[in-house]
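Colleague: Just so we're aligned: 140 in the working numbering is position 112 of the sequence shown, and the numbers increase by one with no gaps anywhere.
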Amino acid sequence: MNADILSNPGLDAATVRDFSRRNDAAGIRYLVAHTLMIAVAMALLASAQHVALQILWTLLVGILLAFLFAPLHESIHKTAFRSGSWNRITGIVCGLILLLPPSYFRCFHMAHHRHTQIQGQDPELDASKPSTITDYLLYMSGFSYWREQFTMLISYALGIRQDRYVSDGKYADVVKEVRAFVIVYSILVAASILFESWAIVEYWLLPMALGQPFLRGFLLSEHTLCPVVPDMLQNTRTTLTNRIVRRLCWNMNYHAEHHAWPSVPFHRLPEAHQRIRADLPNLDAGYLVVHSKILRSLSTESSQHDEAH
Numbered sequence: 029m030n031a032d033i034l035s036n037p038g039l040d041a042a043t044v045r046d047f048s049r050r051n052d053a054a055g056i057r058y059l060v061a062h063t064l065m066i067a068v069a070m071a072l073l074a075s076a077q078h079v080a081l082q083i084l085w086t087l088l089v090g091i092l093l094a095f096l097f098a099p100l101h102e103s104i105h106k107t108a109f110r111s112g113s114w115n116r117i118t119g120i121v122c123g124l125i126l127l128l129p130p131s132y133f134r135c136f137h138m139a140h141h142r143h144t145q146i147q148g149q150d151p152e153l154d155a156s157k158p159s160t161i162t163d164y165l166l167y168m169s170g171f172s173y174w175r176e177q178f179t180m181l182i183s184y185a186l187g188i189r190q191d192r193y194v195s196d197g198k199y200a201d202v203v204k205e206v207r208a209f210v211i212v213y214s215i216l217v218a219a220s221i222l223f224e225s226w227a228i229v230e231y232w233l234l235p236m237a238l239g240q241p242f243l244r245g246f247l248l249s250e251h252t253l254c255p256v257v258p259d260m261l262q263n264t265r266t267t268l269t270n271r272i273v274r275r276l277c278w279n280m281n282y283h284a285e286h287h288a289w290p291s292v293p294f295h296r297l298p299e300a301h302q303r304i305r306a307d308l309p310n311l312d313a314g315y316l317v318v319h320s321k322i323l324r325s326l327s328t329e330s331s332q333h334d335e336a337h
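1. Less than 9 Å separating the beta-carbons of L243 and F97?
2. Is it the case that the segment 282-290 contacts the segment 37-49, given that we only count it when at least three CB pairs across the two stretches are under 8 Å?
3. Is it a yes or a no for the segment 48-59 touching the segment 101-111, going by three-plus beta-carbon pairs under 8 Å?
4. If you drop the 5 nearest sequence neighbours on each side, which residues of the same chain put their C-beta closer than 8 Å to that of A237?
5. What residues are listed by DSSP as bridge partners for L93?
6. Please confirm if the segment 271-286 is in contact with the segment 122-131, defined as three or more CB-CB distances below 8 Å between the two stretches.
7. Mind listing, in chain order, the continuous alpha helix (DSSP H) runs of no fewer than 4 residues lying wholly within the segment 177-222?
8. Excluding the 5 residues flanking Q82 on each side, which residues of the same chain have their C-beta closer than 6 Å to its C-beta?
9. Have a look at L24 and D307 and give me their C-alpha separation to the nearest angstrom.
10. If you run the structure through DSSP and keep just helix, strand and coil, what is L261?
11. Among all the DSSP beta bridges, which residues are the ones paired with L311?
12. Considering only C-alpha positions, which residue in the set D40, G38 and R49 is nearest to R296?
13. Take Y193 and list the residues in its own chain whose beta-carbon comes closer than 7 Å to its own, dropping the five residues that flank it on each side.
14. Would you call the segment 315-326 and the segment 245-263 in contact, with 3 or more CB pairs under 8 Å?
15. Just mark D40 as buried or exposed, buried being the case when its beta carbon has 16 or more other beta carbons within 10 Å.
16. Are there three or more Cβ pairs, one per stretch, closer than 8 Å when the segment 176-190 is compared with the segment 207-217?
17. At what residues does the alpha helix (DSSP H) containing I56 begin and finish?
18. Taking buried to mean at least 16 other C-beta atoms within 10 Å of its own C-beta, is D32 buried or exposed?
19. Skipping 5 residues on each side, what residues in its chain have a beta carbon closer than 7 Å to that of L181?
20. Taking 9 Å as the cut-off, decide whether the C-beta atoms of A313 and L268 are in contact.
21. Taking the beta carbon of S103 as the centre, do at least 16 other beta carbons fall within 10 Å, making it buried, or is it exposed?
22. Taking the CB atoms as reference points, tell me whether P235 and T86 lie closer together than 9 Å.
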């Protein structure tokens with residue numbers, strides 16, 4: 029990130045270089061812990077006898093699966109691990125689970141970093157942010173996410189879509205990877221039909237549907253209600269949260285720090301945060317606080333709209 033567009037650079041070049049050193053150990057620790065939590069949650073789900081426990085463990089599995097978005101995100105930045113192979117494998121496995129091919133997501137996400145909060149250039153703004161309570165509930169349900177992922181997979185697999193952020197040089201790789209993903213999904217569906225198994229529904233699709241709203245809520249907090257300006261410390265929010273959530277999201281609650289210095293791996297973001305915390309304009313004490321602000325803003329907009337009509 030070019031410090032010239034930061035209102036307060038906060039970290040000098042030498043510190044950024046030091047913080048940007050990658051290693052495999054931190055990524056392996058986080059990935060192993062995340063994988064073990066999924067395995068334990070799935071074991072609890074498999075052994076649950078009562079409906080209430082089945083619902084509880086299904087939700088837990090879903091949240092853990094949905095937040096594999098965190099290692100996928102780090103891997104496409106190549107900061108999850110020092111090893112390129114580890115980053116690539118992690119991206120593919122997590123992408124398969126999330127219906128989000130890493131080659132496509134990297135194109136999308138790098139455009140988001142280059143053009144954060146710039147209408148017409150930031151792909152995250154292609155879909156309108158919630159402007160009413162109904163919009164908010166629809167977004168939080170995850171419905172729009174699943175619709176977009178299925179549409180994207182089918183259209184790229186057929187070779188009939190190329191988003192503006194997927195360059196001609198990357199297009200063939202994206203199509204190839206999407207087609208490989210579709211083949212894997214087709215094999216899973218065919219095997220499920222052949223063996224009359226509901227396993228992929230019980231341990232993957234249904235949990236993901238229940239867990240996705242938690243990821244949607246996390247992601248909505250990153251830029252909503254922040255100023256629409258080029259300054260990364262102004263247009264992005266950092267949200268303080270507990271240790272469990274920080275581990276679950278791989279420290280991506282420190283989102284302003286990540287946008288300001290995207291080369292800094294997830295495990296160094298807490299240190300970066302301590303250096304610049306006093307100068308962060310968008311710093312909130314928890315996700316409930318952020319969403320209460322969002323809901324109040326939607327209520328205000330709805331009231332103003334009603335008064336105008």
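Don't be surprised by glycine CBs; every beta carbon is placed ideally from N, CA and C.
Because the structure is a prediction, the values reported are computed rather than measured.
Modeller: So, from the listed chains and residues:
1. With respect to F97, L243 sits close: the two C-beta atoms are nearer than 9 Å.
2. yes
3. yes
4. G90, G170 and W174
5. BP columns for L93 are empty, so no partner.
6. no
7. 196-222
8. Within its own chain, the residues whose Cβ lies closer than 6 Å to the Cβ of Q82, once the five positions on either side in sequence are excluded, are A76, listed in chain order.
9. No statement about residue 24 is possible, as the shown extent of the chain runs from 29 to 337 and does not include it.
10. coil
11. T266
12. R49
13. C135, F136, A139 and P151
14. yes
15. Sixteen is the threshold: since fewer than 16 other Cβ atoms of the shown chains lie within 10 Å of the Cβ of D40, the residue is exposed.
16. yes
17. D52 to S75
18. Low confidence applies here, because D32 scores a pLDDT of 43, under 50, leaving its location unreliable; read the following figure in that light. Burial is judged here by how many other beta carbons sit within 10 angstroms of a residue's own beta carbon; D32 has fewer than 16 and is exposed.
19. Only L127, V206, F209 and V210 meet the Cβ criterion.
20. yes
21. buried
22. yes
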